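One structure is given below, encoded as structure tokens.
There are 2 protein chains.
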Amino acid sequence: MAQHKKEAFGPKEQNLATFAKAISHPARIAILSQLAKRNECICGELVDVLPLAQSTVSQHLKELKTAGLIDGTIDGPRSCYCINWKAFEKFYNDFSSLFTKLKEANAKCC
Amino acid sequence: MAQHKKEAFGPKEQNLATFAKAISHPARIAILSQLAKRNECICGELVDVLPLAQSTVSQHLKELKTAGLIDGTIDGPRSCYCINWKAFEKFYNDFSSLFTKLKEANAKCC
DNA sequence: TTGCTTAATCGTTTTTATACGATGAATATA
DNA sequence: TATATTCATCGTATAAAAACGATTAAGCAA
Numbered sequence: 044m045a046q047h048k049k050e051a052f053g054p055k056e057q058n059l060a061t062f063a064k065a066i067s068h069p070a071r072i073a074i075l076s077q078l079a080k081r082n083e084c085i086c087g088e089l090v091d092v093l094p095l096a097q098s099t100v101s102q103h104l105k106e107l108k109t110a111g112l113i114d115g116t117i118d119g120p121r122s123c124y125c126i127n128w129k130a131f132e133k134f135y136n137d138f139s140s141l142f143t144k145l146k147e148a149n150a151k152c153c
Numbered sequence: 044m045a046q047h048k049k050e051a052f053g054p055k056e057q058n059l060a061t062f063a064k065a066i067s068h069p070a071r072i073a074i075l076s077q078l079a080k081r082n083e084c085i086c087g088e089l090v091d092v093l094p095l096a097q098s099t100v101s102q103h104l105k106e107l108k109t110a111g112l113i114d115g116t117i118d119g120p121r122s123c124y125c126i127n128w129k130a131f132e133k134f135y136n137d138f139s140s141l142f143t144k145l146k147e148a149n150a151k152c153c
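Each protein sequence line maps, in turn, to chains A and B.
If you're matching positions, the first sequence starts at 44 in this note's numbering and goes up one per residue.
If you're matching positions, the second sequence starts at 44 in this note's numbering and goes up one per residue.
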């Protein structure tokens, strides 16, 4: 009895939740920060910076890519990643509207 | 070999990740939306609205409360919840700065 | 071709999350 | 007092996440 019921919710909530999950691990936030800091495509330098094994970093990169937050291209034997800004902006806007909506509920209760 | 290494990252990344995880499930986003919509404290009406069992809803509420996003008070045999706007604003600001930082990395690569 | 580098994937283990029914504690109400 | 209501907690089961070593595949260099 643990089949997930995420499909039982609306697409808006599902999308936001999926995005939130993508950035719900410090390693993935660190990856995004690195990609932003270097302002360029990065491949395995992330492994040197992060306190994680190569396979684990690759796994996190895959999740970010699946979520659409980063793009990856093959550059010879390496992989080059960068932020997918378009997707990011979409999610940021969705988040902003959620927060705005919640802000309107700033009532005195409890 | 699966001990989590979240402590190996900075507090900023950890905080953001914790918040993101709190809203990484559609049920919890739905709960927050309901709390916002009703603009008042809500107890078990959530169970009627959500496609989940009572114990499951209670569990999600607990997680939101642990993350500090909602407050709960006991009202007789019921429990009354509302959004903790202060905590929410803090996290929203943290998120905004992350997004702003990433936006500056909007370079042409890949 | 052979060997090296790079990174994705596989297989496995441990931990955490999700979900539910059942139980229990507390407050109302009859 | 007895009973019903409300909700948190417990116990449990299953699924997913997190992490690593080992292997594999692909490109490059000698």
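Ideal Cβ positions, reconstructed from N, Cα and C, are used throughout, including at glycine.
Since the model is a prediction, treat every value here as computed from it, not as a measurement.
| Asked | Found |
| --- | --- |
| How many Å lie between B:Asp114 and A:Glu88 at the Cα? | 42 Å |
| Compare the beta carbon distance of A:Gln102 and A:Val92 with 8 Å and say whether it is the shorter of the two. | no |
| In terms of residues, what are the limits of the beta strand (DSSP E) holding A:Ser224? | No answer is possible for residue 224 of chain A: the residues shown for chain A start at 44 and end at 153. |
| Suppose the cutoff is 6 Å on Cβ atoms and the five residues either side in sequence are ignored; what does the same chain contact list for B:Phe52 look like? | none |
| Which whole-angstrom value describes the C-beta separation of A:Gln57 and A:Lys49, a residue pair presumed to lie in contact below a C-beta threshold of 8 Å? | 6 Å |
| Are B:Arg144 and A:Ala70 closer than 8 Å when you measure CB to CB? | At residue 144 of chain B the sequence reads Lys, which differs from the Arg that was named. Result no, Cβ atoms of B:Lys144 and A:Ala70 do not sit closer than 8 Å. |
| Taking buried to mean at least 16 other C-beta atoms within 10 Å of its own C-beta, is B:His68 buried or exposed? | buried |
| Counting only the same chain and skipping the five closest in sequence on each side, list residues whose C-beta sits under 8 Å from that of B:Lys55. | Asp137 |
| Taking DSSP's pairing of strands, which residues face A:Cys125 in a bridge? | A:Asp114 |
| Below 8 Å CB to CB, which residues in the same chain sit around B:Ile66 once its five sequence neighbours on both sides are set aside? | Ile72, Leu75, Leu112 |
| Using beta carbons (cut-off 8 Å, strictly below), is B:Lys64 in contact with chain A? | yes |
| Which residue from B:Ser122, B:Lys146, B:Ser140, B:Leu59 puts its Cα closest to that of B:Ile85? | B:Ser122 |
| Following the continuous alpha helix (DSSP H) through A:Glu88, name the residue where it begins and the one where it ends. | 88–92 |
| Out of curiosity, what's the CA-to-CA distance linking A:Lys133 and A:Thr99? | 27 Å |
| Going by the DSSP bridge assignment, what does B:Ile85 pair with across the sheet? | B:Tyr124 |
| If you run the structure through DSSP and keep just helix, strand and coil, what is B:Ala130? | helix |
| In whole angstroms, give me the CA-to-CA distance for B:Lys129 and B:Leu141. | 19 Å |
| Quick one: which residues of the stretch 94–117 of chain B get their C-beta closer than 8 Å to a C-beta of chain A? List them in chain order. | Pro94, Leu95, Asp114, Gly115, Thr116 |
| What separation, rounded to the nearest whole angstrom, lies between the Cα atoms of A:Pro94 and B:His47? | 11 Å |
| Given that A:Ile72 touches chain B, what residues does it touch there, using C-beta distances under 7 Å? | Glu56, Leu59, Ala60 |
| Which chain B residues are close to A:Leu89, counting only those with a beta carbon under 8 Å from its beta carbon? | Within chain B, no residue comes near A:Leu89; the closest Cβ sits about 13 Å away, beyond 8 Å. |
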